[in-house]
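Residue numbers (the working numbering): -10 to 563.
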């Protein structure tokens, strides 16, 4: 299988080979992206998030990478039959990517003049972001089920293996997973046992009928042993009771497996959460929000950070995440201060490279370089290796201090008063952070995007941003066609089933979203908002995109499930 166009020399080799006599049909699927879920796609480009913020002088091959990325992004739009207006966060790399994507789209439209035609299709927007627009979301823990599973558990190709060796698959084939994956773990923990009780009760009714029938046939020598199964007290139904059910009634095995899978992953997540992740979550939320759950200002984050380092449950990765979050919320800290923090956290100073990368990603110095004094050692006192000095890195010295560009570089922080106030929107102290992407999507739709930080590549008379304030986007006269809305993970409400890095705690490279409506061009009415985050979207951002589609004020037409399945099946066959 080739995601880009299959090379002509390969096609020629196939045509000249003997096997061509046995080939009835040779079809070529040119697809530069892979649909992961109804609202999520991936480009599977592992390194683009790392190289995207680098200047061309440090990465000479950057233009070629951007051209390929633009071709992939244009393919997404062409597949959706959209000719969107391109909006991007103001950086040189994003502007070049937007320009190249526009060139690809223009070429596609020359070949297909009907692309982007339709009711209010000229309002569709493609939003291009780099990971520097919100570096907090990949670092903080997210406590909705899907995000928590991929953060805390080791999941490979949608499959989790428990400690006792049991394998469970988490995908759209499990309707219970589709319904609950974007639900807070607290609700899942309380809701799942109740659902199991309902499931068991429904099977009891079936057993009662079978028992009645078995009595009638007992005179003929037949007794239904399955009708005598005991499922235990009403409030004690669990996995053991499900096992008893399916032992006697194997026809319910597949259905019971859906509940069992969620029980396994929920239990695994909650065990880790109770072992100390709950304390980490509270500290993370206090740091990024700038206040406690009670509304008190966090005045000494350093003390809270050092106290957390004294706990044994804080792993190396957890301590690094906390230090990275701490560096992002400050107006800059000195390099010597960072060295002391790394020593306190018992982390090798080689990890300073992460803070250098974060500065490049953010476009500002979060760590203030200090010149090396004459005769100073360049060896790492903790690990014995070479010590990284920020004062030696020219690429960092060119960046402005974060304190001088705080309104731009740290706009994602609620304490900067540039975010929407959502303090009372969640009842959970562990989940007060809202990804900055939510604000941006709302601002685009409401025509309130900050033009100093974001811009459109080409002005156009209409678009999401030009919708009259007195005319709501879900007005009946605006959208004539089938009316349906996404639930939490993309399934249409008519079905009654409410619905990605190289490292499991970071964004999945190239994972991006179709937001504000997704479907085939002939079936979708109205504009779309397509989001591309170079470097990958987090599961919390994917969850936010799904929830955005669920809001009453936005007109949304779901993509037919068959369209995603047909693409995925075609890929698997090849």
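Where a beta carbon is used, it is the ideal one built from N, C-alpha and C, also for glycine.
Taking C-beta separations shorter than 6 Å and ignoring five residues to either side along the sequence, the partners of residue 404 in its chain run 279, following chain order.
Bridge pairing for residue 252: absent [DSSP]. Bridge partners of residue 323 according to DSSP: 357.
The beta carbon of residue 23 lies closer than 7 Å to those of 30, 31, 33, 560 in the same chain, with the five residues before and after it left out.
Spanning the alpha carbons of residue 298 and residue 329 requires a straight line of approximately 13 Å. In summary, residue 253 is buried, with 16 or more beta-carbon neighbours lying within 10 Å of its beta-carbon over all protein chains present.
Shown here, residue 343 sits in a helix according to DSSP, grouped into three states.
Between residue 277 and residue 402, the CB-CB gap stays under 9 Å. Residue 119 and residue 4 have their C-alpha atoms some 43 Å from each other. Per DSSP, residue 76 is one residue of the beta strand (DSSP E) stretching across 74 to 78. Per DSSP, residue 133 lies in no beta strand (DSSP E) and is assigned neither H nor E. When the beta-carbon positions are compared, residue 115 and residue 73 come within less than 9 Å of each other.
Short of 6 Å from the beta carbon of residue 438, and not among the five residues preceding or following it, lie these beta carbons of its own chain, in chain order: 432. Contact fails between the region 124 to 134 and the region 320 to 335, because fewer than three Cβ pairs, one in each stretch, are under 8 Å apart. Buried is the label assigned to residue 533, since at least 16 other Cβ atoms lie within 10 Å of its Cβ.
Beyond the five residues adjoining it in sequence on each side, residue 308 comes within less than 7 Å, by CB distance, of 298, 334, 336 in the same chain, given in chain order. For residue 425, the enclosing alpha helix (DSSP H) begins and ends at 425 to 434. Taken through DSSP and simplified to helix, strand or coil, residue 329 comes out as helix. The Cβ atoms of residue 388 and residue 342 do not sit closer than 9 Å to each other. Shown here for residue 271: same chain residues with a beta carbon closer than 7 Å to its own, the five before and five after excluded, namely 418, 419 in chain order. Assignment of residue 536 by DSSP, reduced to helix, strand and coil, places it in the helix class. Between residue 105 and residue 98 the beta-carbon gap is near 7 Å, inside 8 Å, which marks them as a contact.
Under DSSP, residue 443 shares a beta bridge with 78.
Taking 9 Å as the cut-off, the beta carbon of residue 425 is found closer than this to the beta carbon of residue 122. Of the other Cβ atoms in all chains shown, 16 or more fall within 10 Å of the Cβ of residue 520; this residue is therefore buried.
With respect to the 9 Å criterion, residue 303 and residue 269 are classified as neighbours on the basis of their beta carbons. In the structure shown, the three-state DSSP call for residue 2 is helix. Going by DSSP, residue 383 is part of the alpha helix (DSSP H) stretching over 383 to 386. Of the other Cβ atoms in all chains shown, fewer than 16 fall within 10 Å of the Cβ of residue 15; this residue is therefore exposed.
For residue 520, the enclosing beta strand (DSSP E) has its first and last residue at 518 to 523.
If you look at residue 56, you'll find it in the alpha helix (DSSP H) that goes 51 to 68. Looking at 527, 446, 393, 430, the one whose alpha-carbon comes closest to that of residue 540 is 430.
One thing to note: residue 21 has its Cβ within 9 Å of the Cβ of residue 65. Residue 89 sits in a helix when the DSSP states are folded into three classes.
Boundaries of the alpha helix (DSSP H) around residue 396: 395 to 398. Inter-residue distance for residue 161 and residue 149 is about 15 Å (C-alpha atoms, whole angstroms).
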